[in-house]
Each structure stands twice: as structure tokens, then as C-alpha cells.
Amino acid sequence: MPDPLAPPRVRFAPSPTGYLHVGGARTALFNWLYARQTGGAFLLRVEDTDKARSTDESERAIFEGLEWLGLNWDEHVVHQALGLPRHQRDANFLLETGAAYRCFCTQAELEAMRQAATARKDSFKYDRRCDLLAPEEIMRRVESGMPFSVRFRVPEGETAWDDEVHGRIAFPNKDIEDFVILRSDGTPIYNLAVVSDDIDMGITLVMRGDDHISNTPKQIQLYRALGNEPPRFAHVPMIHGMDGKKLSKRHGATAVADYQNEGILPGAMVNFLALMGWSPGGDREVMSLEEMIALFSLAGLQKKAAIFDTKKLEWMNGQHLSRASAMELEPRLTPALIKAGVATAEMLESRREWYLELIDLLKVRSRTVLDMVRQAAPFFPAAIAYDPAAVDKQWSDREASLAILHAVQDKLAKVDVWTPQSLEAALRALAEERGVAAGKIFQPLRVALTGLTVSPGIFEVLVAMGPELTMQRLRDAYDFLKAVAA
RNA sequence: GGCGGUAUCGUCUAGGGGACUAGGACGGAGCCCUCUCAAGGCUCAAACACGGGUUCGAAUCCCGUUACCGCUACCA
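With this note's numbering, the residue at position 346 of the first sequence is 365, and numbering never jumps.
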């Protein structure tokens, strides 16, 4: 009997056959939030019994994904394959207590029975023929070395549990066939391995995808036959793609690492994932990890599958970007800037104050870290590319543009102290002298400085860029304009 | 086919018998702000799957139907 007052123990149990999928990440997140809120333990178990498909690389990718999201686990990582002796002991125990029996049917025989049933339009269920064998016959077959699998004998009645998200779910036992728990090669089948491990790890709440609902009655039967009280179960809904089907590659990125590479912040990813299938109630949306821990509850879990909407993820990321401090963003932006070849580590370090101010300037108008890189590029010495759309729109009249830029240069040369105020005064005066709207000056200048139609306020841009780089950009613009004109 | 699960705007959701003319958010349309783009503010379009009950009263409870999803392996 589990102690109801003991701290809960939950687990995330991925099989290392790929990357960390967003669906898995969300299941892990819910378990983690629950453990952190209750002071319980969040354990990790790698389900690597399928040696053919499991790889170390995939295992590493899953760990890295969890670490990036900030989902730290307690105790040591359990590898399911290492539990083989215990799985076999449990199967033998079930055999000895009569809860399970040996099945000598071959896979080919089973397949034939299945096909015969399908031909009759019947649903197939193993007919227990091996359980009806005389004890002497069983003895004879075992002694003659005939291979056998071990099947669990499902008792009469009904198996039900009070699911933490769905309420009571019941399965008539007659609908559950005598399932195999140990293969003829002596290795365990999933349901046995899971139950054996969860008992061994002292798991008190199994929170997993609702695709496991139909495994649950089998597992409850195994708990009982093994002399254990089943844990609580919480079956959370799945994540689907925009077409309503299970989320897969053809819906775009499904690996959390993909979103990491696209410049999504882990805090935003976690926030977004949490909101798919869980709600704190009311209108709360943008939350920190700490707030989610405080607010999390099983009662707020949704029953319905959610569809992954990357648009909302990007919006969420923009929110987190805007709210984060430059100091917090710096470690995420710096590697991206270096990777893109925009700046070097030394460059950023030598002008740290300036760099942090630049981050503050850009973060509010960016949705991803990659957006920030794009917008930050003009503030670094490397030559810029001119966006054709910007050129067409703001420099359509080459001669006029050249004239404006020269006038701007003259004005700027006379500004001693570069502050937003002094620059604004100078440029607005220029507009007045020339009798044009301020925008007619600012926009062509913006293209000259950044190559883009989009940037922070033009005076902030000038200050951040400084007189030297500004003049360089203007000279480059002249060259460009003259080349096009000629 | 059998069994199980689910059903509120296009999407994420609030709602747990009367507070519902159904709220918020993303996305869309528009306005304001404005040197651009964001951010921010405001406005608009947009949903209780259907049919029966129960009840004075149902988005909310019950039953059917439909649709969708999952499982139906000596996979996990």
C-alpha cells in the first residue's frame, strides 16, 4: 500500500529511437511541473529494450532537449534494458503463482489464426488453447526444449480506474486478450517491463499520453498479480498537426531541437507547450517556469488533443523576448551572432555595454533570436546587403536620394554630441529647410544605414551605430546608388 | 470490425445548471500612435457537432447519433 503522504514520484520514459519530440517534451513538462510543485521526484527512464531501434545518439539528443528546456531530473537515469533479470523474475513469479501460463503457439500459427478470424469478419482474441494443455503435456514440451512465450491470464470481471484527467474508465476483461509478457527469447514485452520498472522505481503517478489508455487495464492487472497496488494514472491528450492528425514530420518541425535552432527561447517553448492541454484557468497566458510550477494542477488538464500552431508559438516567443532583460538574452543571442558571422566574441566582449543596449533596442521588435540577428547585423562593421524592396521603395529616384543623403551627411557632420535629441533636432531642421516631410529624410537614410525598411527609431539607430560607421554606411550607399544610376 | 477516448470561434482555451448577448489569446480585417517595423491601445468578423431527455432553466447533467483520434504485435 503506497503511503499517501509520501512525496509523489513521477517519471518520463522515452524510447531512444529519435529526437525529443514536442509531444514527448510536453508530457515530460507536465510530469516535471507536478513533481516540482509537490516536492516529489521527477525520474527519467530510457526504454531501450528494442535494441534494433535504440541508439546512444538518440538518447543524448533527448537529454539535451530536456536540459535545454530546463527540465532537470532527479536521481540516476534508469535504463530499462538493465532490468532484464528482474523482468524475468517477475514473469517467472507470475508463472509460479498461476497468473500466467506458457504458450507454445508460434508466431506463424498466431498469424494464421488472426487471418482466419479476419476472413470470418470476427475480431481476433487468443483462444487460450495452450492454457488448456494437460500438465504432463506442458512438462513434455518444456523438457523437449520447445520454445514458449509467457502469457498473462486475464481474469473474469472488469478493470477500472479513476483517471486523473478522464475520470472513471472501465474495460470489461473479456475484451482484453491473454497478452504475452515474455517473448520466447526470454525478453519482456513492453507492458511487463513498464510495470516491473514502475514498481521498482516507486512511481506513484503515471502521467503519459492518452494513446496508452488501452494498455492501462493490462498494466493494472499486472500490478495486482505482482502483489502491488497500482499507481494513479493521468492520461494527457496528444498533440496533433494542423490537419488534426498525429503530429509528424510532414507538419514541419516536430523536434524541440528544431525550434531551438530557429531561435525560440526555452522559456517560450515551455510556456507554449504547457498551454496545449493545460490551462491555469482564467486568462493567464504568458508565464515563467516558476509561475507555472505554482499554478499547475491536474484538474487544469484538457481531455482533448491540441493542434500545434507555430504562429502562436512565435507570438509567445516575441512576448518572452520583449520581457527578458538584455542580460538574459545575451547568452542566447551571442552564439547566434557568431554563428551567422555577424560578429566575433571579442567584438561583443569589448563593447559589452553597447551590445546590451543594442539588445534592448531590438528585442521588442523581434519574434525569434534569428530575427534579432538579422536586425543586429547592420550595427556591425561588415558590409550590408540592400533589400531590393527597400531600394525600390525608398530610393526609387536615385539622384534625389543621393542629394538627400549628402545633405544628411553635412548635417550630421555638424552634430558634436550624438544623442537622440541632438540628432532629431538636426534632421528635422533639415527636413524643414528642404520643405519635405521628415519621413522623406528618415526612410532613405534608414535604407542607407541598415539596408532594410525595418529598424528601431532612426535616432536610436544613429546613436547605436556611431558617427564612424554611419559615415561609412553613407559612403557605401553613394557607391551603390551611383553604380545603379550608371 | 471490436474496444476505448474526445467534441466551445480557423487554432489554443475560459466556463462545472441561472452571472452567457458565451470571455480571453493567436491568426485575420480596420483604426489610433508613428520616421519604418514591432510593441502598445481600441474596434470588427468568428464557436457551444446533431438529436432526444432531466430541469422552472442546460455550453454545463444523462442517453443516443455523427465525426475525429487511439489501441487492437512474441513494437514501445
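Every residue, glycine too, gets a C-beta built ideally from N, C-alpha and C.
Computed from a predicted model, the values in this text were never measured in an experiment.
Helix, strand or coil at residue i according to DSSP, with G and I counted as helix
i: E479; result: helix
i: G229; result: Looking at the sequence provided, one finds Asp at residue 229 rather than Gly. Note: D229 maps to helix in three-state DSSP.
i: Y120; result: strand
i: P35; result: coil
i: V65; result: strand
i: T46; result: helix
i: M20; result: Residue placement at M20 is flagged as unreliable, the pLDDT there being 47, under the threshold of 50; the coordinate-derived value follows with that caveat. Note: M20 maps to coil in three-state DSSP.
i: P191; result: strand
i: L224; result: strand
i: K264; result: coil
i: W334; result: helix
i: A80; result: helix
i: H95; result: coil
i: V361; result: coil
i: R494; result: helix
i: H185; result: coil
i: I283; result: coil
i: R148; result: helix
i: E177; result: strand
i: L508; result: Nothing about residue 508 can be reported from this structure: the residues present for the chain run from 20 to 505 only.
i: V436; result: coil
i: R72; result: coil
i: A343; result: coil
i: V473; result: coil
Where residue i falls, given that 16 or more other Cβ within 10 Å makes a residue buried
i: A324; result: buried
i: P463; result: buried
i: S142; result: exposed
i: A131; result: exposed
i: N210; result: buried
i: D109; result: buried
i: N290; result: buried
i: K382; result: buried
i: K433; result: exposed
i: A212; result: buried
i: L101; result: exposed
i: G337; result: buried
i: R28; result: buried
i: D146; result: exposed
i: P475; result: buried
i: P26; result: exposed
Opening and closing residue of the alpha helix (DSSP H) in which residue i lies
i: T235; result: T235 to A244
i: W373; result: R371 to K382
i: R386; result: From DSSP, R386 is part of no alpha helix (DSSP H); its letter is neither H nor E.
i: M165; result: It is not in any alpha helix (DSSP H) - M165 carries neither H nor E in the DSSP assignment.
i: M132; result: Q126 to A138
i: H467; result: Just to set this straight, residue 467 is Ala in the shown sequence, not His. Element bounds for A467: A457 to T469.
i: D11; result: Coverage of the chain is limited to positions 20 through 505, which leaves residue 11 absent and any answer about it impossible.
Residue i - partner residues in DSSP beta bridges
i: P207; result: L201
i: R251; result: L224
i: H40; result: A274
i: E304; result: Paired residues: none, contrary to the question.
i: W297; result: L320
Range covered by the beta strand (DSSP E) that runs through residue i
i: R170; result: S168 to F171
i: D406; result: Neither: D406 is in no beta strand (DSSP E) and is coded neither H nor E.
| said: Contact between the region 341-354 and the region 443-455 is defined here as three or more beta-carbon pairs at a separation below 8 Å; is this criterion met? | reply: As far as the Cβ criterion goes, the region 341-354 does not touch the region 443-455, which means the pair count is below three.
| query | If we count Cβ pairs, one from each stretch, closer than 8 Å, do we get three or more for the region 52-69 versus the region 308-318? | reply | yes
| Any contact of the region 36-49 with the region 67-85, i.e. 3+ C-beta pairs under 8 Å? | yes
| request: Could you tell me whether the region 320-335 touches the region 346-364, where touching means 3 or more Cβ pairs closer than 8 Å? | output: no
| field | Contact the region 222-232 vs the region 111-125: 3+ CB pairs below 8 Å | value | no
| query | Counting pairs of beta carbons, one from the region 348-359 and one from the region 384-391, are three or more of them closer than 8 Å? | reply | yes
| message | So, does the region 231-240 touch the region 298-310, judging by three or more C-beta pairs under 8 Å? | response | no
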